[in-house]
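Some notes on the structure that comes next.
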Amino acid sequence: QSPVSENRLLELRLMPYGDGQLLLMARDITRIHQLESMRKDFVANVSHELKTPLTVLQGYLEIMQSMEDEQSPNQKPLKLMQQQATRMQSMVEQLLALSRIEAGANIDLSKTVNMSHMISQLQQEAKALAMDNYHLVFECEPHLNVHGDEMQLLSACSNLVSNAIRYTSPGGTVTIRWHRVATGARFSVTDTGVGIPPQHINRLTERFYRVDNARSSQTGGSGLGLAIVKHALSHHHSELKVSSEIGKGSTFSFVIPMHLLEHI
Ligand code: ADP
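Under full-length UniProt numbering, think of the first position of the sequence shown as 168, with each following residue one higher.
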C-alpha cells in the first residue's frame with residue numbers, strides 16, 4: 168500500500184505477464200481503508216462506553232446479593248446475572264485490547280523483552296488457571312531475548328496458553344517451548360485437547376470465530392483471543408501456525424525472526 172496523494176491510497180501489485188514482462192496493477196483502496204478505520208473507531212468507542220455501565224451494574228448486583236439471605240430464592244438468579252455481567256465485562260476488555268493492538272499505536276520494537284522473565288509470568292498464570300488439574304511442561308531456552316513490545320507478546324502467549332488449558336480436559340498435558348530455530352526463535356504451545364477440524368483452521372484468527380459455539384461458550388471465551396494474537400504477532404513480523412488432530416490435540420506456534428532477537 169502506498170499513499171499517492173494527501174487523501175488517496177493505492178494498492179500496487181506486480182505480476183508476471185509472459186515473456187519476462189511484468190504487469191503493474193493499481194487499485195484505489197481509499198474507500199475500503201476509510202470504512203475499515205471507521206469500523207475500528209466504532210468498536211473502540213462502543214467498548215469504551217460500555218465499561219462504565221457494566222461496572223455500575225456489577226456493583227449493584229453484588230450489593231443486592233449480599234443483602235439477600237443465603238437461602239433466598241433470589242440468590243440463584245442474582246448469581247446468574249452476575250456471571251453474565253462478568254462475562255460481558257471480559258468481552259468488552261478483550262474488544263478494547265483488540266482495538267489497541269489493531270491500531271498498533273505506540274509500538275516500539277527497540278525495547279528488549281526479557282523472555283525468561285515473561286515466561287515465568289506466563290507460568291504463574293498457567294498454574295492459576297490449571298489449578299493442579301493439568302500437567303504443565305515448560306521447556307525454555309535461557310538468554311533468548313526479543314526486541315519487541317512486552318505487553319503484546321505476553322498477551323499473545325497468554326491467550327495461546329489459556330486456550331490450550333480451556334480446550335483440554337483435566338488430566339491432559341500442556342507443553343510450552345521457547346527455543347532457537349534456523350530462522351529465529353520459536354514459541355509453541357502443544358496440548359492434548361479436543362483438536363480442531365481442518366476446515367476451521369484458516370479462520371481461527373477472525374474476530375468472533377469459534378469452531379463449535381456450544382462447546383466454546385462453555386469454556387467462557389469471547390472468540391477474540393486469536394484475533395488479538397494475530398495482530399500482536401504481525402507487529403513482530405511473525406505469523407501464527409496451527410497444526411491439530413481431532414481428539415489428540417493441537418500445537419499453536421510462531422517464530423520471532425532473527426532480526427528481532429537480541430544478539431549477545
Ligand atoms: P475463544 O474465546 O472462543 O477461545 P479464540 O479466538 O481464542 O476464542 O479461539 C477461537 C476458537 O478456536 C475457539 O472458540 C476454539 O473453538 C478454537 N481453539 C482455540 N484454541 C484451541 C485449542 N488449543 N484447542 C482446540 N480449539 C481451540
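Idealized CB from N, CA, C, for every residue including glycine.
Original post:
For residue 183, which beta-bridge partners are listed by DSSP?
Top reply: 189
Subject >> Supposed contact pair residue 287 and residue 353 - C-beta distance, whole angstroms, cut 8 Å >> reply: Not a contact, Cβ separation roughly 19 Å.
Subject >> 6 Å Cβ shell around residue 321 - same chain, five flanking residues per side excluded >> reply: 285
Original post:
Can you name the start and end residues of the beta strand (DSSP E) that residue 349 belongs to?
Top reply: No beta strand (DSSP E) contains residue 349, which DSSP labels as neither H nor E.
Subject >> For residue 362, the nearest candidate out of 279, 377, 249 (CA to CA) >> reply: 377
Original post:
Where do the N-terminal and C-terminal ends of the beta strand (DSSP E) with residue 302 fall, by residue?
Top reply: 302-307
Original post:
Measuring from the CB of residue 358, is there a heavy atom of the ligand ADP at a distance below 7 Å?
Top reply: yes
Original post:
Closest to residue 177 by CA distance: which of 186, 189, 198 is it?
Top reply: 198
**OP:** Below 7 Å CB to CB, which residues in the same chain sit around residue 329 once its five sequence neighbours on both sides are set aside?
**Re:** 296
Original post:
Of all the options 251, 327, 404, which has the alpha carbon lying nearest to the alpha carbon of residue 427?
Top reply: 404
Subject >> Where residue 247 falls, given that 16 or more other Cβ within 10 Å makes a residue buried >> reply: exposed
Original post:
With 8 Å set as the bound, which would you pick, yes or no: does the beta-carbon of residue 373 sit closer than that to a beta-carbon of chain B?
Top reply: Chain labels in this structure do not include chain B; a single protein chain is all it has.
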